[in-house]
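Respectively, the protein sequence lines represent chains A and B. Sequential numbering of the first sequence, starting at 4, is according to the numbering used here. Sequential numbering of the second sequence, starting at 4, is according to the numbering used here. Heads up, the beta-carbon is just placed ideally off N, CA and C, and yes, glycines get one too. Remarks on the structure that follows.
2 protein chains.
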Amino acid sequence: MTPVSLIATAIQRERTRAKMSLSALASQAGVAKSTLSQLEGGQGNPSLETLWAIASALNIPLSFLFETPKSDFRIIRADEEDQLSSDLSELSSTLLADCPTSCRRDLYRVYLKSGSVREAAAHTQNTVEHAFVCRGQVRLGPEGNLQELTEGDYFRYPADVKHSYEALSDKAMLILIMENPG
Amino acid sequence: MTPVSLIATAIQRERTRAKMSLSALASQAGVAKSTLSQLEGGQGNPSLETLWAIASALNIPLSFLFETPKSDFRIIRADEEDQLSSDLSELSSTLLADCPTSCRRDLYRVYLKSGSVREAAAHTQNTVEHAFVCRGQVRLGPEGNLQELTEGDYFRYPADVKHSYEALSDKAMLILIMENPG
DNA sequence: CACAATCGTTCATTATGCTGAACAATATTC
DNA sequence: GAATATTGTTCAGCATAATGAACGATTGTG
Numbered sequence: 004m005t006p007v008s009l010i011a012t013a014i015q016r017e018r019t020r021a022k023m024s025l026s027a028l029a030s031q032a033g034v035a036k037s038t039l040s041q042l043e044g045g046q047g048n049p050s051l052e053t054l055w056a057i058a059s060a061l062n063i064p065l066s067f068l069f070e071t072p073k074s075d076f077r078i079i080r081a082d083e084e085d086q087l088s089s090d091l092s093e094l095s096s097t098l099l100a101d102c103p104t105s106c107r108r109d110l111y112r113v114y115l116k117s118g119s120v121r122e123a124a125a126h127t128q129n130t131v132e133h134a135f136v137c138r139g140q141v142r143l144g145p146e147g148n149l150q151e152l153t154e155g156d157y158f159r160y161p162a163d164v165k166h167s168y169e170a171l172s173d174k175a176m177l178i179l180i181m182e183n184p185g
Numbered sequence: 004m005t006p007v008s009l010i011a012t013a014i015q016r017e018r019t020r021a022k023m024s025l026s027a028l029a030s031q032a033g034v035a036k037s038t039l040s041q042l043e044g045g046q047g048n049p050s051l052e053t054l055w056a057i058a059s060a061l062n063i064p065l066s067f068l069f070e071t072p073k074s075d076f077r078i079i080r081a082d083e084e085d086q087l088s089s090d091l092s093e094l095s096s097t098l099l100a101d102c103p104t105s106c107r108r109d110l111y112r113v114y115l116k117s118g119s120v121r122e123a124a125a126h127t128q129n130t131v132e133h134a135f136v137c138r139g140q141v142r143l144g145p146e147g148n149l150q151e152l153t154e155g156d157y158f159r160y161p162a163d164v165k166h167s168y169e170a171l172s173d174k175a176m177l178i179l180i181m182e183n184p185g
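What follows is the structure in structure tokens.
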């Protein structure tokens, strides 16, 4: 995959996400329509200033133009041991998620009390959430894909749709990592 | 700050980190020395292919050239409540760390047993680790800045120096997020 | 229906980034 | 110490990215 074609799809993706026409984005960024048109066509070899102008007009950091879209599900149960360095008796660690390309990840500590269900609206497109349950039991996930998790479980899911959190035990604590855009 | 000057310092930083001479990097990347020289001098307006070639030769993703360096300490105790959305009785969440610019964050689940101390070598420059204790008590941190943490505590620290982990309780579990380069 | 506006694409001209050779300044080797 | 690489910089020529006007296609409006 050539870098230009990657940029091409990235620009198109971000532009449609921003609900901007090609002409509007071009004038907003201060570049010629023709330049932008060729770029989105996967042709040419844009300069840094051109890319910068486009990213600024889209109101996103430049690195957002270098990301490859993906989103997926993954559950790692507390008793599933990826044997990574488990030979060290005093320490065993499990890689829950890595971040191959640059991404934005915000880290939250969440306390839940049993009772009502906490609904969360859809986040920006391609947002992914990582949940790790530290204490108690919770049911969470995107609409139609709720998972019941217990202490030590890890769950990753797309969060660009409606999703919810609910404590099944009296109290629950979890680590939530919001990652966008994936 | 102009985008070119940012790239200029970024390239120099990554090149010295890779212990490469300007000439060596140029030939490795397949670009003219003059091009690279001008770039590091903060002049010009590089094309995407040029940047791509340089990043590839440095063996880093392109987005690493757009990051602004920083690193810092932060501890959030379990009983420190950032009142964020604490008005919702059934849910209260605390933002532990956000990620203003693009960054790489790998997520680990770590189990510790009391006894020996786990020593970790210095990671690449500007690496930061986020530790969140889910169970038990641990003493961890960089050399000369060990912190004792208990359940629910969060600790962020530079990990580009030697650091260590030690369980103070019988068993301990924590979430570790490795972020590089910050 | 006709008119106007906006859409995205294509093409000559202009501006400029990339190149390669020549350069002085260190660093290395016998 | 002289000879030889290797460092990073500067400058003319070429390659090409960016431009702006003209284009047909599509949409909106009276």
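### Message
Quick check: is the beta carbon of B/Phe-158 nearer than 9 Å to any beta carbon in chain A?
### Response
Among the residues facing chain A, B/Phe-158 is not included, as its CB has no counterpart in that chain under 9 Å away.
### Task
Taking only beta-carbon positions, decide if A/Val-131 is within less than 9 Å of chain B.
no
### Query
Looking at the C-beta of A/Glu-52, does it have a partner C-beta in chain B at a distance below 9 Å?
At a cut-off of 9 Å between beta-carbon atoms, A/Glu-52 makes contact with chain B.
#### Entry: Every unbroken beta strand (DSSP E) inside the segment 26–79 of chain A [3 residues or more]
Runs of the beta strand (DSSP E) spanning 3 or more residues and lying entirely within the segment 26–79 of chain A occur at 77–79, in chain order.
### Query
Would a check of beta-carbon distances place B/Ser-37 closer than 9 Å to chain A?
no
### Query
Given 8 Å as the limit, is there contact between the segment 27–40 of chain B and the segment 158–178 of chain A, that is, 3 or more CB pairs closer than that?
no
### Query
Around the C-beta of B/Gln-46, are 16 or more other C-beta atoms found within 10 angstroms, so that it is buried, or is it exposed?
exposed
### Message
Quick check on B/Gln-150: does DSSP put it in helix, strand or coil?
### Response
The answer is strand: DSSP assigns B/Gln-150 an E or B state.
### Query
Can we say the segment 18–26 of chain B touches the segment 150–167 of chain A, given the rule of at least three CB pairs closer than 8 Å?
no
### Message
Give me the subset of the segment 5–16 of chain A whose CB atoms are less than 8 Å from a CB atom of chain B, sorted by chain position.
### Response
Flagged, chain order: Pro-6, Val-7, Ile-10.
### Query
What are the boundary residues of the alpha helix (DSSP H) that A/Leu-9 is part of?
Start and end: 6–20.
#### Entry: Rounded distance between the beta-carbons of B/Ala-13 and B/Gly-44, thought under 8 Å
Between B/Gly-44 and B/Ala-13, the beta carbon gap of about 14 Å keeps them out of contact (Cβ cut-off 8 Å).
### Query
Given a limit of 8 Å on CB to CB distance, which residues of the segment 161–180 of chain B reach chain A?
Tyr-168, Ala-170, Met-176, Ile-178, Leu-179, Ile-180
### Task
Could you tell me the boundaries of the beta strand (DSSP E) in which A/Gly-144 lies?
141–145
### Query
At least one CB of chain A closer than 9 Å to the CB of B/Gly-144: is that the case?
no
### Per-residue contacts from B/Leu-65 into chain A (C-beta, under 7 Å)
Phe-69
### Message
Can you list, in chain order, the residues of its chain with a C-beta nearer than 8 Å to that of B/Pro-145? Leave out the 5 residues immediately preceding and following it.
### Response
Tyr-160, Pro-161, Ala-162, Val-164, Lys-165, His-166
### Boundaries of the beta strand (DSSP E) in which B/Ala-123 is found, first to last residue
121–123
### Message
According to DSSP, simplified to helix, strand and coil, what is A/Met-181?
### Response
strand
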